[in-house]
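Okay, so here's the structure we're looking at.
In UniProt numbering, the protein residues as written are 1 to 417.
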């Protein structure tokens with residue numbers, strides 16, 4: 001499940017900025033002592049709704065005075081609906097939050113900081129940092145995802161190419177992609193997509209020793225030579241025809257090409273495990289290896305957090321529900337039916353659910369994972385990334401020029417935050 005966001009408008013920040021002044025509860029009322037309470041819980045993934053409902057039912061079993069209304073809004077409309085509700089001071093009591101949107105919602109007081117300390121050591125530190133703003137923790141991590149190289153064993157076997165191994169390098173990956181490319185059969189070694197930076201550019205930027213944004217969120221790293229090297233990793237694959245060109249990948253996304261046997265190696269997230277075991281072509285044909293090493297080993301980690309709406313009329317009960325969702329028992333339920341739970345030591349069931357694949361790769365990657373890059377208005381420069389880097393991916397501009405111009409645009413946007 002992709003938990004990033006590459007959309008949004010400048011109006012979002014302005015709309016949410018009004019929320020802090022809107023009417024509604026001040027966050028201290030409505031303790032539910034007058035009777036039963038129903039909390040609204042907003043989620044965006046249909047595949048996880050059943051698991052979320054099971055968690056809601058399990059919570060009510062031990063908290064009979066609190067009922068949970070799980071409300072599903074598909075990803076395509078989730079943020080639009082949430083923005084409208086938040087602007088009117090009527091956000092859900094508890095809802096899913098992702099990294100790219102977090103600081104915007106925290107800064108505009110749409111979500112509430114945790115009212116009491118929680119043991120954050122049970123979650124990966126990059127996720128804890130991702131959902132920390134001005135020194136305060138907001139919500140608790142629910143799940144996590146890292147990135148690996150999914151590969152088609154059938155295509156490897158046909159070319160008598162050894163499967164990827166731990167410790168392989170960029171050079172190994174590039175050589176493997178070249179051996180697997182078969183122009184006559186319309187098969188490419190890999191795909192250098194622009195559709196998901198978490199799965200592609202952010203990983204190689206980190207592996208090259210570069211950075212997307214400084215830790216303080218003040219400056220872009222796109223004009224750094226090491227960052228540019230991380231981008232060139234991909235454009236070199238397109239130039240060498242080991243990857244389809246941008247137009248081809250726009251017409252047919254790399255995931256579909258991989259599931260049609262036209263791409264031998266696909267950089268994808270842990271969320272693809274369910275996708276590939278359920279797909280008629282890829283089932284039984286694919287496995288996964290760790291990302292190749294550049295100057296260093298790295299992958300981007302991301303995950304959803306459960307947060308409390310700042311205007312909820314039932315802050316105490318909402319926090320109790322979030323604490324439950326972030327607990328070990330809840331994580332154990334999630335691990336059997338959903339994505340990788342964030343709670344340490346509860347991921348084994350997720351791995352065991354797919355014994356034919358080396359899913360341990362994704363858990364091992366946590367040790368060298370880097371946080372998803374964000375700022376207060378991530379969506380603004382996400383749009384700039386696509387605008388400028390498309391010119392490099394299409395061959396209109398050299399990578400160095402596109403990246404340098406992107407850095408200047410991004411720095412202007414960051415200055416306005």
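Quick reminder that beta carbons are idealized off the backbone N, C-alpha and C, glycines included.
- Runs of the alpha helix (DSSP H) spanning 4 or more residues and lying entirely within the region 307-352 occur at 315-325, 328-337, 348-352, in chain order.
- About 25 Å separates the beta carbons of residue 291 and residue 122, which is beyond the 8 Å limit, so they are not a contact pair.
- In the DSSP annotation of this structure, the continuous segment of the beta strand (DSSP E) that includes residue 95 starts and ends at 94-97.
- Within a 10 Å sphere around the beta-carbon of residue 191 sit 16 or more other beta-carbons, which makes this residue buried.
- In this structure, residue 117 sits away from residue 371, with a CB-CB distance that is not shorter than 8 Å.
- For residue 265, the enclosing beta strand (DSSP E) covers residues 265-269.
- Residue 413 is a Cβ neighbour of residue 380, given a cutoff of 8 Å.
- Secondary structure of residue 174 (DSSP, three-state): helix.
- Sequence-distant partners of residue 354 (beyond 5 residues in either direction) whose C-beta falls short of 7 Å from its own C-beta, in its chain, are 273, 277.
- Residue environment: residue 135 is assigned as exposed (fewer than 16 neighbouring CB atoms within 10 Å of its CB, all protein chains considered).
- The C-alpha of residue 240 is placed about 22 Å away from the C-alpha of residue 260.
- Residue pairing from DSSP places residue 150 in a beta bridge opposite 266, 288.
- Look at the beta carbons and you see the region 396-407 touching the region 221-235: at least three pairs across the two are nearer than 8 Å.
- Per DSSP, the unbroken beta strand (DSSP E) holding residue 41 starts and ends at 37-43.
- Following the DSSP letters along the chain, one finds residue 371 inside the beta strand (DSSP E) bounded by residues 369-371.
- Under the rule that a run must span 4 or more residues, the alpha helix (DSSP H) segments found entirely inside the region 157-205 read 170-180.
- Here residue 35 is exposed, its C-beta having fewer than 16 other C-beta atoms within 10 Å.
- Within its own chain, the residues whose Cβ lies closer than 7 Å to the Cβ of residue 49, once the five positions on either side in sequence are excluded, are 43, 70, 72, listed in chain order.
- Residue 62 counts as exposed, since fewer than 16 other beta carbons sit within 10 angstroms of its beta carbon.
- For residue 245, same chain residues with a beta-carbon under 7 Å away, outside a window of 5 residues either side, are 238 in chain order.
- In terms of Cα proximity to residue 351, the closest of 319, 325, 287, 307 is 287.
- Bridge partners of residue 220 according to DSSP: 213.
- Around the beta-carbon of residue 157, fewer than 16 other beta-carbon atoms lie within 10 Å, marking it exposed.
- The beta carbon of residue 317 sits closer than 7 Å to the beta carbons of 32, 37, 39, 66 from its chain, once the five residues preceding and following it are set aside; these are given in chain order.
- Residue pairing by DSSP puts residue 141 in a beta bridge opposite 305.
- If you check the CB distance, residue 180 and residue 189 come in under 8 Å.
- In this structure, residue 270 sits near residue 145, with a CB-CB distance shorter than 8 Å.
- Bridge partners of residue 256 according to DSSP: none are assigned.
- Judged by their CB atoms, residue 177 and residue 249 are not nearer to each other than the 8 Å cut-off.
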